[in-house]
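Just so you know, we're using our numbering here: the sequence shown kicks off at 4 and counts up by one. One structure is given below, encoded as structure tokens.
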Amino acid sequence: MTTLNVQHESFSNNPLDIVEGVVEDNDWAYDRRNDEEIAFQIPGSWCDYSLFFAWNEEVGAMHFSCAFDMRVPKERRPSVHELLALINEKMWVGHFGVWADEGLPMFRHAMPMRGTNGPTVDQVEDLVDVAILECERFYPTFQYVIWGNNTPAEAIEAAMIETVGEA
């Protein structure tokens with residue numbers, strides 16, 4: 004029988020220190036409660052986004068989420084879950100989900116760190132940029148489904164229309 008030899012690698016630096024540096028460089032207010040979590044907000048076109056990084060040394064991974072300032076009523080959740088499936092098949096990095104307890108839509112991504120020295124500044128910046136870009140792109144689809152009573156397919160079609168210029 005083959006056995007798996009697992010070694011836990013420890014980081015000389017906490018990956019959240021890199022995240023904290025990016026946050027400070029952008030002058031975003033943040034809350035670093037402990038060595039495993041950092042939270043901050045970024046204003047968007049549609050709402051303020053709540054960003055959260057968590058480091059799990061035992062797993063060797065950093066979890067990231069970017070939550071909307073929006074709640075999904077229970078009666079709209081089946082339609083929103085259908086919407087999530089349509090959105091997620093268009094994603095290259097991360098995925099969207101709804102935090103069940105709160106009905107809170109969010110972008111999520113996990114970065115395995117085993118065998119690395121942690122994330123680079125560029126990787127953290129790219130992850131935040133991708134999250135905000137995708138949240139801005141898909142925020143209206145959630146509005147169309149939740150409050151406009153559109154179908155998920157109609158909401159996706161409306162969101163995929165490329166706009167030219169600014170109003």
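A virtual CB, placed ideally from N, CA and C, is assigned to each residue, including glycine.
Proximal residues to residue i (C-beta, below 6 Å), its chain only, five neighbours per side dropped
{"i": "residue 153", "result": "147"}
{"i": "residue 26", "result": "33 and 43"}
{"i": "residue 40", "result": "57"}
{"i": "residue 151", "result": "none"}
CB contact flag (residue i, residue j, <9 Å)
{"i": "residue 131", "j": "residue 69", "result": "yes"}
{"i": "residue 58", "j": "residue 43", "result": "no"}
{"i": "residue 137", "j": "residue 97", "result": "yes"}
{"i": "residue 145", "j": "residue 62", "result": "no"}
{"i": "residue 113", "j": "residue 66", "result": "yes"}
{"i": "residue 18", "j": "residue 118", "result": "no"}
Contacting residues, own chain, Cβ-Cβ under 8 Å from residue i (five flanking each side not counted)
{"i": "residue 143", "result": "49, 158, 161 and 162"}
{"i": "residue 156", "result": "89"}
{"i": "residue 124", "result": "21, 24 and 25"}
Local Cβ density within 10 Å of residue i, reported as buried at 16 or more and exposed below that
{"i": "residue 115", "result": "exposed"}
{"i": "residue 54", "result": "buried"}
{"i": "residue 3", "result": "With the chain covering only 4 through 170, there is no way to say anything about residue 3."}
{"i": "residue 101", "result": "buried"}
{"i": "residue 4", "result": "Low local confidence applies: a pLDDT of 45 at residue 4 is under 50, so the model's placement there is unreliable, with the coordinate-based value given in what follows. Flag for residue 4 reads exposed."}
Three-state class that DSSP yields for residue i in the structure shown
{"i": "residue 32", "result": "coil"}
{"i": "residue 70", "result": "strand"}
{"i": "residue 91", "result": "helix"}
{"i": "residue 96", "result": "coil"}
{"i": "residue 131", "result": "helix"}
{"i": "residue 101", "result": "strand"}
{"i": "residue 12", "result": "A caution first: residue 12 carries a pLDDT of 43, below 50, which makes its placement in the model unreliable, though a value can still be read off. If DSSP states are grouped into helix, strand and coil, residue 12 belongs with coil."}
Same chain, Cβ closer than 7 Å to residue i, neighbours up to 5 away in sequence not counted
{"i": "residue 72", "result": "50 and 51"}
{"i": "residue 140", "result": "162"}
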